[in-house]
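Each residue of the sequence shown is one higher than the last, beginning at 158 in our numbering.
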Amino acid sequence: MIRSIRRKEKSSLDSIVEDMKYTARILAGGPDERGEKLLKASGFFLVVPDPTMISTSIGLSMIVTGKLLMKRRKKGIKDYIEKSIIEMRHLKELAEELI
Numbered sequence: 158m159i160r161s162i163r164r165k166e167k168s169s170l171d172s173i174v175e176d177m178k179y180t181a182r183i184l185a186g187g188p189d190e191r192g193e194k195l196l197k198a199s200g201f202f203l204v205v206p207d208p209t210m211i212s213t214s215i216g217l218s219m220i221v222t223g224k225l226l227m228k229r230r231k232k233g234i235k236d237y238i239e240k241s242i243i244e245m246r247h248l249k250e251l252a253e254e255l256i
């Protein structure tokens with residue numbers, strides 16, 4: 158009984174931590190999380206014995222794609238706000254020139 162309660166608490170705590178990480182990524186931006194998922198999943202294809210090497214080539218292509226996705230930076234809300242501020246300053250300068 159105590160173990161099941163601890164497991165429930167741990168799983169709810171894990172979900173809260175994952176939600177916090179997701180929210181932080183949305184706000185600040187950062188590497189694409191799909192890349193991390195691809196890197197984790199590629200291990201399965203590299204472990205499977207295959208005489209035709211198809212699964213190995215799939216695993217390697219997943220690794221390359223995952224690393225490329227991780228290098229690509231996703232824009233966060235912070236980036237969009239900075240871009241909006243720059244655009245507003247530019248519009249303000251244009252309005253001042255017209256007056």
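Positions of the beta carbon are idealized from the N, C-alpha and C atoms, including for glycine.
For residue i, the nearest candidate out of the options (CA to CA)
{"i": "residue 222", "options": "193, 186, 248 and 176", "result": "193"}
{"i": "residue 188", "options": "214, 229 and 196", "result": "229"}
{"i": "residue 225", "options": "190, 255 and 249", "result": "190"}
{"i": "residue 181", "options": "238, 253, 249 and 233", "result": "233"}
Three-state secondary structure (DSSP) of residue i
{"i": "residue 182", "result": "helix"}
Test item: CB-CB of residue i and residue j under 8 Å
{"i": "residue 219", "j": "residue 199", "result": "yes"}
{"i": "residue 216", "j": "residue 196", "result": "no"}
{"i": "residue 240", "j": "residue 184", "result": "no"}
Range covered by the alpha helix (DSSP H) that runs through residue i
{"i": "residue 191", "result": "190-204"}
{"i": "residue 233", "result": "Where residue 233 is concerned, there is no enclosing alpha helix (DSSP H), given that its DSSP letter is neither H nor E."}
Rounded distance between the beta-carbons of residue j and residue i, thought under 8 Å
{"i": "residue 212", "j": "residue 205", "result": "5 Å"}
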